[in-house]
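Participant: Numbering (the working numbering), first residue to last: 50 to 226.
Don't be surprised by glycine CBs; every beta carbon is placed ideally from N, CA and C.
Computed from a predicted structure; not experimentally measured.
(1) Under the assumption that residue 99 contacts residue 182 (Cβ atoms under 8 Å), give the Cβ distance between them as a whole number of angstroms.
(2) Please classify residue 68 as buried or exposed, where buried requires at least 16 other C-beta atoms within 10 Å of its C-beta.
(3) Give the DSSP-derived three-state secondary structure of residue 191 in the structure shown.
(4) Secondary structure at residue 107, three-state DSSP: helix, strand or coil?
(5) What's the gap between the Cα of residue 152 and the Cα of residue 117?
(6) In angstroms, rounded to a whole number, what distance separates the CA positions of residue 115 and residue 132?
(7) Give the DSSP-derived three-state secondary structure of residue 73 in the structure shown.
(8) How many whole angstroms separate the CB atoms of residue 263 and residue 186, which I take to be in contact at a CB cut-off of 8 Å?
(9) Using the beta-carbon count (16 or more within 10 Å), is residue 209 buried or exposed?
(10) When DSSP labels each residue in this structure, what does residue 99 get in the three-state scheme?
(11) Taking only runs that begin and end inside the region 157–220, name each unbroken beta strand (DSSP E) of 3 or more residues, in chain order.
(12) By DSSP's criteria, residue 130 is part of a beta bridge. Which residues make up the other side?
(13) Mind the definition here: the region 194–209 touches the region 156–175 only if three or more C-beta pairs lie below 8 Å; say whether that holds.
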């Protein structure tokens with residue numbers, strides 16, 4: 050009887066290990082999203098409110114914790130996966146963010162650039178503190194169900210004794226509209 054119990058435990062452990070789900074690839078490591086795209090694109094949202102826990106898994110790298118229940122600081126480079134509207138449907142990428150006074154006073158203007166599935170979009174320079182929108186039409190070459198968007202700013206606030214993070218911009222939402 051004891052032998053059967055041990056065999057049952059071993060079998061269940063082996064079975065549990067075989068049932069692990071596929072992890073999302075990391076764009077910063079050059080991993081491809083093809084397998085993930087086939088498996089998980091239906092669960093992706095086209096718009097991510099960065100404080101919403103339902104879409105937090107779409108924020109892949111370069112995002113810090115939610116602050117004040119509504120926004121997140123980013124690092125110099127930050128990556129998000131968004132569901133595309135489908136083939137032959139136009140879409141507009143929109144990043145809604147804020148440039149705090151302290152950022153502009155210390156760094157001056159900030160240039161934001163983006164790529165979508167490796168295709169570069171035009172950069173834009175922002176020189177005033179306050180709410181901003183980076184908006185670009187998706188190029189026609191974007192195929193598939195998932196748009197991997199890699200954003201990058203040219204300057205950040207460096208880590209210091211009070212805050213050890215590299216601070217890029219303050220984002221409230223990003224999406225394809």
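Facilitator: Let me lay it out:
(1) Contact doesn't hold; Cβ gap of about 15 Å is too wide.
(2) Note that residue 68 scores a pLDDT of 40, beneath 50, so its modelled location is shaky and nothing firm can be said.
(3) Residue state, collapsed to three classes: coil.
(4) helix
(5) 18 Å
(6) When rounded, the separation of the alpha-carbon atoms in residue 115 and residue 132 is 22 Å.
(7) Confidence at residue 73 is low in this model, with a pLDDT of 44, below 50, so its placement is unreliable and no value can be given for it.
(8) An answer regarding residue 263 cannot be provided, because it is not within the stretch 50 to 226 covered by the chain.
(9) exposed
(10) coil
(11) Counting whole runs of 3 or more residues, the region 157–220 contains the beta strand (DSSP E) stretches 159–165, 168–175, 179–186 and 195–202.
(12) 197.
(13) yes
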